[in-house]
Structure formats: C-alpha cells, structure tokens
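The structure appears below as structure tokens.
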Amino acid sequence: MITHLSWKVGGQQGEGIESTGEIFSSALNRLGYYLYGYRHFSSRIKGGHTNNKIRVSTNPLNAISDDLDILVAFDQETIDVNAPELISGGVILADSKCKPSKPEHSDAHLFSIPFTEIANSLGTSLMKNMVAIGASSALLGLKPENFEGVVKQIFGRKGDAVVQKNMDAVREGAAYFEKEAAGTGISFKLAPVEPEKRMFMIGNDAIALGALAGGARFMPAYPITPASEIMEYLIKKLPDYGGTVIQTEDEIAACTMAIGANYAGVRSLTASAGPGLSLMMESIGLSGITETPLVIVDTQRGGPSTGLPTKQEQSDLMAMIYGSHGEIPKIVMAPSTVEEAFYDTIEAFNLAEEYQCPVIVLSDLALSLGKQTVEPLDYDRIEIRRGKFDPGRELPELEKNEYFKRYADPGDGISERVIPGMKNAIHHVTGVEHNEQGKPSESPENRRYQMNKRMKKLKTVHETFPEPVYADTRHEKADLLIIGFNSTRGTIQEAIPRLEKDGLKVNHAHVRLMHPFPAEEVRKLMAQADKVAVVENNATGQLARLIRMETGAGNLETVLKYDGNPFLPGELHHACKELF
Amino acid sequence: MATFKDFRNNVKPNWCPGCGDFSVQAAIQRAAANADLTPENMAVVSGIGCSGRISGYIKSYGFHGIHGRSLPIAQGVKMANRELTVIASGGDGDGFAIGMGHTIHAIRRNIDVTYIVMDNQIYGLTKGQTSPRSDMGFKTKSTPGGSIESALNVMEMALSAGGTFIAQSFSTDLKELTSLIEQGIAHKGFSLINVFSPCVTFNKVNTYDWFKENLTKLSDIEDYDPSDRGAAMNVLMKHNGLVTGLIYRNTSQPPYEELVEGFRDEGLAHQSLTLGKEQFDKLTAEFM
Ligand SMILES: Cc1ncc(C[n+]2csc(CCOP(=O)(O)OP(=O)(O)O)c2C)c(N)n1
Ligand code: SF4
Ligand SMILES: [Mg+2]
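Going down the list, the sequences are from chains A and B.
Note that the numbering used here gives residue 456 to position 456 of the first sequence, counting from 1, and the numbers run on in steps of one.
Note that the numbering used here gives residue 63 to position 63 of the second sequence, counting from 1, and the numbers run on in steps of one.
Structure (structure tokens):
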C-alpha cells in the first residue's frame, strides 16, 4: 500500500478534462486524503491539449510532483506529451477509441479501455470520464461507492436516473479494469485514512471567500485569467449580503469605481492580472494621495503584454511595489498557501482602512488556480478593524465656511476618516496636493507636511502584520537559506528534505509582506546561513533585487524559472545543490 | 428649506473672469436648493480640467479625481450609498476624449447619477488644444492648420447608447440650466446634461455671441415631445446638435440599482460587515 501518488488526466480542451479531475479529486478529498491539483491549459476554449494533474497523499501537500504514476488519456497526444513524466512501472489508462500505443522505450503498463464505447452503451459518450474515473478508482483500490456522494452532488439536480447512469459508468469502468488487470499484480492501492471534513479549493476561492468574510460588499471588475473566479464567486454570493459585482468597461473603471465605493464607506475590491494592473496604476496613486482605502488582488501570470496568459510567473513584484508615479504609502502582501490567501485577504481590508491606503494582495497563477486541501477555516479568526473610522460618530459643528480636517496629522500620520452622508464632516478630496481640509494647496510647507504625513503612516505595519516572513529555521547555522514568495512555498518545502539527505543544512524563508519590506527579519535570517538562494518565477530576479536594495546584502544566488511552468521539487533540488 | 447659499463654501474659483463655468456652478447650487438637498447628503465628483475644479467650489462632499474618471468614481459612490445624491462633472475632453469609454457605459448602465459636462469645445486647463467637440477646421495649438477630425455629436451618441435622460443647455441661460439639473437629479437613472460653457480665453470661435446666434431652444419648437426618441434624433440632426432643453427622457427604464438582485434601499455603507457563524459554515461547507 502506498501513501502518495500522482494521477493525471489529459485530452482535448472542451472534452471535460477539468470535470474529470474535479470529480476524482473531490471524492478523494472527502475520503480524507490530502490533494493538490494543477491544471495545464491554454487560452483556447476548444481544442488543444489540456491536462489536470492531481497529487494524492495521506499527508498535507503544497506542491505538484516531479513525476507521474497514473496517466488517463483520452487521446494519443496525451500519451505522447505526458508519458515521459511517468515513473518506471507507471500505468496508462487510455481510451480504446484512439487506438493507443506506448511511446518507444516506455516501460509503463498500457491498458486500453473502451471509455467511449462503454459510455455509449449506457446512453451517452459524455459519461466516458466517469468510466475513466471508475477504472482509476479500481487501480487505487477504491470502491465505486466512494464516488456516490460527489456524483449525487454534481448530477443530483438532473434527477435520480442521471445519477444512477453515472454510477453505472463508474462501476463498469472499475469492473473492466479489474478484469484486465487480474493476475498482473499491477496496483496502486492507497493506504486508508480516516474520513475528515476538509475543504478543497483554489486560491481564488479563498481570496473571494476572504473578501466576503472581510466585509467586502462591492466588487467592480473586468474579467481576466487567472483572476475571474474571484468576481464569479462574489457575484453569486454578494446579493445575499446586500452587495453586488459590476462588470465594468475596463480596469480603470473597476479601480476608480472601487475607490468611489471605499470613499463612500463600503469595503470594495477589484481583482485582475498584470494587464489590468497596468491600467490601474494612475488610480492607485489617487487612492494613495486621497488616503482612500482600496484592495486590489493581482493574480500574476506570464507577462509582459498578453505574455503567457494561462501560465505561471512572478514578474509583477516590482511593478506592484513601485508602480504608479509619485510616492505613496502602499502595502503589498503575498500569501503563499490557499489557507493564507483567505486570512490575508481579510487582513488586507483591515489594513486598507487602518492605514487609509491601497493594499495589493499579490497572488500568482499557481496559487490562484492550484486546488488544494485546506484544513477547516476558523470563524473565530475573522476580525474586522476599521481604524480611525466610526460612521456613527457625532461630530462637533463646523465653523462657517470651514471644512472637516480630513487630512490633519495627529502625529502618526493617520487622520480620522469620515464619509459622505455624515453630519459636520464635509471636506474636499482631491488628487491635487491639498491642505488639512482637502483644499488644493501648492505651498512648500504644506507639501512637506502632507508628504511626511502620508509617508510615515506605514511605520507600524511591521508591528501588526501577521508573520511578515514565514520562516523554517530548523538550523541555528545553515549551509543554505532558500527565500521565495507566493506559490513556491510547497515546492521549496519538498525540496528541502532532499537537500538535507544530500548532507546540506537548509533553512527556508517565505516573504509574505513585500512592502514595506521586513528588512530586519530577512537580514537576520540571512545571517544564519552561509549561502542564500532566492527562488522565483521570473527572469530578472526581482525578489533578489528587492532584498539587496532593502537589506544591503551583496551575495545572493538566484534560482529562476520563467518558461511558464511552476518549479518542480526535483528542479529546485538540483538547482540548489549546484550552488555547492 | 435649503437655499443656494447653503451650498456655498466661499472658495474663490480660479476660473478666468467670464468663464462659462461660473454659471454652471451657480446652477448646480440653485438646483440643489430647489431639490431640497442638504450639503452632507450630496456628493459632487469631478474630473480634471478647468471645469473639474467645480467640486471644490460647492459646499457638499466633493471628490476631484483623475482625468476622465469622474463617472466610475461617481458610480462607485452611488452604489456604496444610494441615499446620496451624486453629481458627476467635468469638461468635454474629460468626458468625451479620455473618459469616453466610461461615458458610453455609464449611459448604458443607467446608475442614478447626474452628469454635467462643461463643454467649451477646447482643452482649457492645458491652454488650448483641440477637443473631440471642436469643429472641423478649428485652429488650436495642437491643430495649427485647423482640425481635420469631425466633431462628435454627443447628444446623438447618447441617444444611440440608450440614454434615459439627455439634455443640453447654455451656461448663460441660468433658468433653463437650473431646471434641467433639477430634473436630472429627480430622474431615476443616469442623466447627461451637456452645457455649452464658453472658454473666453482659448476659444475665440464658439463664443457667447456665436452660441446666441446658433442655438435653438426646444421650447420654441412647437409640440416637441421629449419622450419620442425618433423626434429627438431628427431634431438633433436637423440642428447639427445645436439645441438646448430636454432632448429625451425615458421614465420606463428602471435605474440599475433597482435591477440589482438583493439590492436594498438602505445604503450599502450602512449595512453590516460581518458574517454570522451559521452563514460562514454554510459557505465553507460548499467546498467540502
Ligand atoms: C492622464 C492625463 N493625461 C493628461 C492630463 C492633462 N490634462 C489635464 S486637463 C486636460 C484636458 C482638459 O480639457 P477639458 O476636459 O475639456 O476641460 P476644460 O479645461 O476645458 O474644462 C488634460 C489633457 C492629465 N491630467 N491626465
Ligand atoms: S481657460 Fe477657459 S475654461 Fe479655463 S477657466 Fe479660463 S475661460 Fe474657463
Ligand atoms: Mg473643455
């Protein structure tokens, strides 16, 4: 019996590959296994090879695996493209319809199974994925009944007959495989686990749920991969809480509309990827100078321009920190797991209101779309803090022709915030430099006062930010410190034991607060290691540059990957070993 | 009962003497008083340009944003708190050049915002360049040989885009302008009021006298019916867009806010931010 394995299903885009993976993994999640799923897809809707790779384990996981145990193929292309990934003795379950053949030199076991034919005999070829799931389940030593709950959930709306037909397809697939495999001794029987209620979600689900739990009630947004799931989730849920999503004409409208709503007192966010963030830059500056809270999610993908729209990259970091002309206070945070994405998004809304500035929640495609098992989220950890803002406050009457001093500096740079509709709180808001009442002012004294006021606001962020750097400092003195951000966390965690096996002492730091940068923490961690390797999915080593700039550190090594795919643990293992 | 003085903040506008925008400001203040608004329940959002300064000259909540984006900001404010009266404003460059995408979509979307454009057929703040509203042949700093692009007929465009309240006025006609703004505020849905507001410094062609000579008042046209979309289009084409008054109004189309599922009468800004434990458990169970 085995404790972990990798399974992949592939075929042409539009053939139901995604839902095959979805059903398979949801059922295993319910059984109590830990899962990590990663989709390989292109920006075409129909046609083109697509696959969904799922890792199953009896223990928690945060990364894709190097190799593959089982490949389910609906066409020959899937075999040709993916067979090299298979371990020696791996299994291919292929639809007989495509007359499957093994590539030369492959020692995988090929089972040709009539997925389509069996499905047709049950009424519709659409069920071929259920037949494939049945065959897979038999190979894993699971019972068709294990899939009943998920099948009911998905097809229940269509009536009992449809549920039964789909279950028949699972059963027939399992039976066919068992008959074929009888006597071969081929099995990937999974060690049993205790059934456990855990969540199974993509990073974007966690961000959207975090926004809802964090009090966001309005989201203007423009669709883009890999961010759209956030708006699609919220348009379904927000009406229950009085709120809504508006699909705007572009990202400039999305960002400025969110600014308008935040100004008027509603927690509001927008979400996009690089191209949209580029369009929002001027508005981000408006949020900064007008001290209007704003939360923006940037799900990084391959850039520049349209770049690699459906592929992994971490190349927006510098643009998110330094983007927008002029100088403003801004917070950039980078969750590194799906669970963190939930709690961090809630925190983003708190920080935006407490510091009255734009907050960017940086994600990347692998985190936003990677689907993983998540321990139940903790309701008691949800906290709403609005800073110096009390919409119910009764304010003293203003002198004639005076405005409320919305931009007065009480010392920490953070003024009391008021919103339209409040009595005795009228003030002006402008992107032009302004005085305490918000009225335009160009005097050098005022400029210095307001600049200083804004720029000092973030001084205390370090004190309150939850875990600015995740650190695994298992060694007092390490040979190597690996530093990363966003989705590389699990891959690094997986590479470390392999490096340790090679005799290296390895610590790990994952930066979660990108700006203002936790220089002190990172400096300390670096001092504990002989060598530092910064791991990132970009070509210029943006995090490494940031660390050099913020800490003054000279000798950093970089491990970079920018071909559109996430790091595999094996790749990281080798790249880090080469540094010695 | 409010008076227009309640909407004065005693900030001295930095417009050139004679600029049409002074009257637009006065008209907004009068209309607000006539509509019995209170300064704290009104928000004026404006873009960038000479005209964009207007939000700083009216006593109410004011938001002077970035060039071309007054409309999305104003729509965000209205969605956040529908109890507020929201006015968006700016110049012809602001609304019909850089912000045109937002203008068309605000018209279609029909959120209850009153949009007042101070149209001087030129860029005032940047000292005299051509605008999408400049006539063919119009000489400016950026079109020294005369503009070779045709002027945009905004009223026809607004009509085609599905506008539910489309009006035009002339800044010297304070009475008509005030009344149109009042009607715009009362209209449930998006209202566009384009105001010919001469730039005395940079536009020496479209002057007060020029407008007096060329404008036709719809109230002088016998039996003009602003609920007839076809008639509206005809009159615009016939007069090359140079008419003033209420051009078109459609009261049967509900505003966006009324079509949003679950949208409550109470402003969103006043609603709870917290999720109950039971709701949270239900939401998380969907991922199990
Ligand atoms: C993104 C951006 N581009 C350019 C400008 C410079 N700019 C400021 S106002 C303006 C045009 C003003 O014309 P209009 O909107 O007609 O207003 P007016 O001054 O005529 O009232 C321009 C080009 C800017 N502020 N922002
Ligand atoms: S430049 Fe023209 S638009 Fe600007 S204030 Fe002077 S007259 Fe008015
Ligand atoms: Mg103009």
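All C-beta atoms, glycine included, are put in the ideal place defined by N, C-alpha and C.
Treat the numbers as computed from the prediction; the structure is a model and nothing was measured.
Taking 9 Å as the cut-off, the Cβ atoms of isoleucine 87/B and isoleucine 48/B do not count as close. Lysine 477/A sits exposed, since fewer than 16 C-beta atoms from the chains shown fall within 10 Å of its C-beta. Shown here for isoleucine 185/B: same chain residues with a beta carbon closer than 7 Å to its own, the five before and five after excluded, namely Ala31, Ala35, Thr85, Thr114 in chain order. Around leucine 275/B, the beta-carbon contacts reaching into chain A at under 9 Å are Leu212, Ala213, Gly215, Tyr241, Tyr379, Ile382. Per DSSP, asparagine 51/A is not a residue of any alpha helix (DSSP H); the beta strand (DSSP E) it occupies stretches across 49-57. Contact annotation: asparagine 250/B and serine 227/B have beta-carbon atoms nearer than 9 Å. Flagged as an interface residue toward chain A: proline 39/B, by a C-beta distance shorter than 9 Å. Of the residues assessed, aspartate 390/A falls on the exposed side of the cut-off, its CB having fewer than 16 other CB atoms within 10 angstroms. Methionine 288/B belongs to the set of residues whose beta carbon lies under 9 Å from a beta carbon in chain A.
In this chain, threonine 114/B is not harboured by any alpha helix (DSSP H); it is covered by the beta strand (DSSP E) spanning 114-119. Residue nearest to aspartate 240/A within the set Phe263/B, Ile181/B, Lys212/B is Phe263/B (criterion: CA-CA distance). When Cβ-Cβ separations below 9 Å define contact, glycine 323/A makes no contact with chain B. Taking 9 Å as the cut-off, the Cβ atoms of glutamate 521/A and valine 469/A count as close.
In the DSSP assignment, no residue is bridged to isoleucine 111/B.
If you measure from each CB to the nearest heavy atom of ligand 3, the residues under 6 Å come out as Gly49/B, Gly91/B, Asp92/B, Gly93/B, Asn120/B, Ile122/B, Tyr123/B, Gly124/B, Ser131/B.
The C-beta separation of isoleucine 296/A from leucine 269/A comes to about 7 Å, placing the pair in contact by the 8 Å criterion. The three-state secondary structure of lysine 189/A, taken from DSSP, is coil.
The alpha carbon of isoleucine 111/B has as its nearest neighbour, out of Glu83/B, Thr130/B, Ser197/B, the alpha carbon of Glu83/B. In the DSSP assignment, alanine 221/A falls within the unbroken beta strand (DSSP E) covering 218-221.
Taken atom to atom, the span from the alpha-carbon of glycine 90/B to that of glycine 68/B is near 8 Å. Excluding five sequence positions before and after isoleucine 23/A, the CB atoms of its chain that fall closer than 8 Å to its own CB belong to Asn129, Met130, Ile133, Phe147, Val150, Val151, Ile154, given in chain order.
Inclusion of isoleucine 482/A and valine 461/A in the CB contact set at 9 Å is not warranted, their separation being larger than that value. In the three-state reduction of the DSSP assignment, lysine 371/A falls in the strand class, which pools E and B.
The beta carbon of asparagine 29/A sits closer than 9 Å to some beta carbon of chain B. Residue contact with chain A for methionine 1/B: absent (no Cβ-Cβ distance below 9 Å to any residue of chain A).
Lysine 59/B is not a Cβ neighbour of phenylalanine 22/B, given a cutoff of 9 Å.
In terms of beta-carbon proximity, lysine 197/A lines the interface with chain B, with at least one pair separated by less than 9 Å. For threonine 130/B, no alpha helix (DSSP H) segment is defined, and its DSSP state is neither H nor E.
Within the segment 260-305 of chain A, the runs of beta strand (DSSP E) at least 3 residues long that lie entirely inside it are, in chain order, 269-272, 294-300.
Straight through space, the alpha carbons of threonine 130/B and alanine 151/B are spaced by roughly 10 Å. Serine 42/A places its beta carbon less than 9 Å from that of histidine 49/A. Membership of histidine 574/A in the alpha helix (DSSP H) is indicated by the continuous run 569-577. Glutamine 493/A sits close to asparagine 62/A, with the two beta carbons spaced by under 9 Å. Taking the C-beta atoms as reference points, serine 6/A is found nearer than 9 Å to arginine 55/A.
Closer than 9 Å to the CB of alanine 348/A there is not a single CB belonging to chain B.
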